[in-house]
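First comes the structure, then the notes that go with it.
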Amino acid sequence: MASIEKLHILRFRNLNDQYLEPNKKINLFLGENGQGKTNLIESIYYLSHNRSFKTKNTRELIPFNEDFIQISAFVDSLKVVLKKSKTTNSILIDDQKIATNSKLTQHLPIQIISPDRGFVVGGTPKLKRSYLDWGVYHEKTEISKTYRDYNKGLKNINILLSKNSSALEDWFVQIAPLSVEISIARKKYIDKLVKILDSNHFKKLSGLLDLNSRFELRLQSGWTKDLDGLEKEKVYDHLVNNKALYIKTKYLSHGPHKASIDFSLNKQDEVFLSRGEQKTASIVFWILQVLILVEQNNSPIILIDDISSELDQKKINLLIDFFVGLDVQIFITDIGNTLISIDEKNATTFEINNGHITRKEH
Numbered sequence: 001m002a003s004i005e006k007l008h009i010l011r012f013r014n015l016n017d018q019y020l021e022p023n024k025k026i027n028l029f030l031g032e033n034g035q036g037k038t039n040l041i042e043s044i045y046y047l048s049h050n051r052s053f054k055t056k057n058t059r060e061l062i063p064f065n066e067d068f069i070q071i072s073a074f075v076d077s078l079k080v081v082l083k084k085s086k087t088t089n090s091i092l093i094d095d096q097k098i099a100t101n102s103k104l105t106q107h108l109p110i111q112i113i114s115p116d117r118g119f120v121v122g123g124t125p126k127l128k129r130s131y132l133d134w135g136v137y138h139e140k141t142e143i144s145k146t147y148r149d150y151n152k153g154l155k156n157i158n159i160l161l162s163k164n165s166s167a168l169e170d171w172f173v174q175i176a177p178l179s180v181e182i183s184i185a186r187k188k189y190i191d192k193l194v195k196i197l198d199s200n201h202f203k204k205l206s207g208l209l210d211l212n213s214r215f216e217l218r219l220q221s222g223w224t225k226d227l228d229g230l231e232k233e234k235v236y237d238h239l240v241n242n243k244a245l246y247i248k249t250k251y252l253s254h255g256p257h258k259a260s261i262d263f264s265l266n267k268q269d270e271v272f273l274s275r276g277e278q279k280t281a282s283i284v285f286w287i288l289q290v291l292i293l294v295e296q297n298n299s300p301i302i303l304i305d306d307i308s309s310e311l312d313q314k315k316i317n318l319l320i321d322f323f324v325g326l327d328v329q330i331f332i333t334d335i336g337n338t339l340i341s342i343d344e345k346n347a348t349t350f351e352i353n354n355g356h357i358t359r360k361e362h
């Protein structure tokens, strides 16, 4: 399992030179609003992804009168250091510079549950693709190159479509197999999610919703309804046959970059679920991704921000007990601990006040 043994936040938002040694199981961070709880969660996420789940603007992360952010950690005895300024970016793993974020994510798998992230059930197609591709990547890390090549091809095709270029079909030849590889990987991952819905692990989670809840999900490939996108010859033929349409719209309006997921609960489409049902179902589907990695002996670190705003007391305690049973490391933030019942043998509590993190002695 992935585990952060030591964490040093030199500079990140209002966190300055904060050092802690987390518990291998539960880490609970308490503090009033605006003290830095979400910043802590964001910093750990940033160390894993080299990006924030809250903003695309690096300047928002750099403290006032400073020039850079820096976060470092020992993860399963590997030292990971990320330093980023407004113009430069440096990632080191055991003092070796790495060029791609995929290596970073591979060494530090993170699953996050946060109101700032948005909810996948009832969410946008972009958020659903992000959910899906997180799972696909952790199933098959080498596929990151396929995604990069596909996005490069897509960019070139869209440029050529605006010019009605004769080179379009050459790019169709290149992008068709890349598209199929992505679609097949996504379908296989959806099949895994469906399978784990029937597992004993999931039955233990059923307390998050009523016991009779039935979850269903289906992949929308991003192609037209008559094309599943799983055969490169058919994808290529579709692109050639619809070239005039794409030239007219001046962009490729079908493909994996337009994929989505359809969710339902007890045969009810996600759009008709209440906001509370969408929220709880999203949490369940994020946890399903954790279960898949746990079964593959690649347990991720779990980040849960502002937990009492997302779940009631019963669900919070059920969820914590569930994670303890999975043997994963968890970082949880909350405004107070009145709702949370934790076994002190498995947990460490910290307090955050104006960006300063201190261990709470029981």
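Just so we're aligned: 318 in the working numbering is position 318 of the sequence shown, and the numbers increase by one with no gaps anywhere.
Here a beta-carbon is modelled for each residue, glycine too, at the ideal position from N, C-alpha and C.
Query - Beta-bridge partners of K234, as assigned by DSSP - result: Translated into the one-based positions of the sequence shown, residue 234 becomes position 234. Paired residues: none, contrary to the question.
Query raised in the report: Do you know whose CA, among N298, L252, I41, L265, lies nearest R218's CA?
Result: The residue you call residue 218 lines up with position 218 of the sequence shown. When each option's Cα is compared against that of R218, the closest is L265.
Report task. For Y19, write down the residues that DSSP places opposite it in a beta bridge. Result -> Your numbering for residue 19 matches position 19 in the sequence shown. According to DSSP, Y19 bridges with H8.
Query raised in the report: Taking buried to mean at least 16 other C-beta atoms within 10 Å of its own C-beta, is R186 buried or exposed?
Result: The residue given as residue 186 occupies position 186 in the sequence shown. Buried, since its Cβ has 16 or more Cβ neighbours within 10 Å.
Requested in this report: Could you please give me the residues that DSSP links to T358 through a beta bridge?
Outcome: As a working mapping, residue 358 is identified with position 358 in the sequence shown. Bridge partners of T358 according to DSSP: E351.
Report task. Can you check DSSP and say which residues form a bridge with F322? Result -> Residue 322 sits at position 322 when you count from the first residue of the sequence shown. Looking at the DSSP assignment, F322 forms no beta bridge with any residue, so it has no partner.
Report task. Output yes or no for whether 8 Å exceeds the beta carbon distance between V121 and Q278. Result -> For this step, residue 121 is matched to residue 121 along the sequence shown. For this step, residue 278 is matched to residue 278 along the sequence shown. Their beta carbons are under 8 Å apart, which means V121 touches Q278 by this criterion.
Report task. Confirm, please, whether the CB-CB distance from T224 to E181 is below 8 Å. Result -> Residue numbering aside, residue 181 sits at position 181 when the sequence shown is read from its first letter. Residue numbering aside, residue 224 sits at position 224 when the sequence shown is read from its first letter. Note that the C-beta distance between E181 and T224 is not below 8 Å.
Query raised in the report: Quick one: what does DSSP say D191 is sitting in, helix, strand or coil?
Result: Residue 191 sits at position 191 when you count from the first residue of the sequence shown. Residue state, collapsed to three classes: helix.
Requested in this report: Quick one: grab the DSSP three-state call for V80.
Outcome: Locating residue 80 in the sequence shown gives position 80, counting from the first residue. Looking at V80 - three-state DSSP - the assignment turns out to be strand.
Query raised in the report: Touching or not, the region 240 to 257 and the region 81 to 92, by the rule of three or more beta carbon pairs under 8 Å?
Result: Flag = no, the region 240 to 257 and the region 81 to 92 do not touch.
Requested in this report: Just the C-alpha distance for I71 and L10, rounded to the nearest angstrom, thanks.
Outcome: Position 71 of the sequence shown, counted from the start, is the residue given in the question as residue 71. Position 10 of the sequence shown, counted from the start, is the residue given in the question as residue 10. Each residue's alpha carbon lies about 6 Å from the other.
Requested in this report: With DSSP as the reference, please indicate the residues paired to L28 in a beta bridge.
Outcome: In the sequence shown, counting from the first residue as 1, residue 28 sits at position 28. Residue pairing by DSSP places L28 opposite I332, T349 in a beta bridge.
Report task. Compare the Cα-Cα distances from P177 to each of A167, G153, A73 and report the closest residue. Result -> Residue 177 sits at position 177 when you count from the first residue of the sequence shown. Nearest option by C-alpha distance: G153.
**Report entry** Rounded straight-line distance, which links the Cα of S206 to that of N89
**Finding:** Position 89 of the sequence shown, counted from the start, is the residue given in the question as residue 89. Position 206 of the sequence shown, counted from the start, is the residue given in the question as residue 206. Inter-residue distance for N89 and S206 is about 43 Å (C-alpha atoms, whole angstroms).
Query raised in the report: Opposite Q70 in the DSSP bridges: which residues?
Result: The residue labelled residue 70 in the question sits at position 70 within the sequence shown. Answer is R11, K83.
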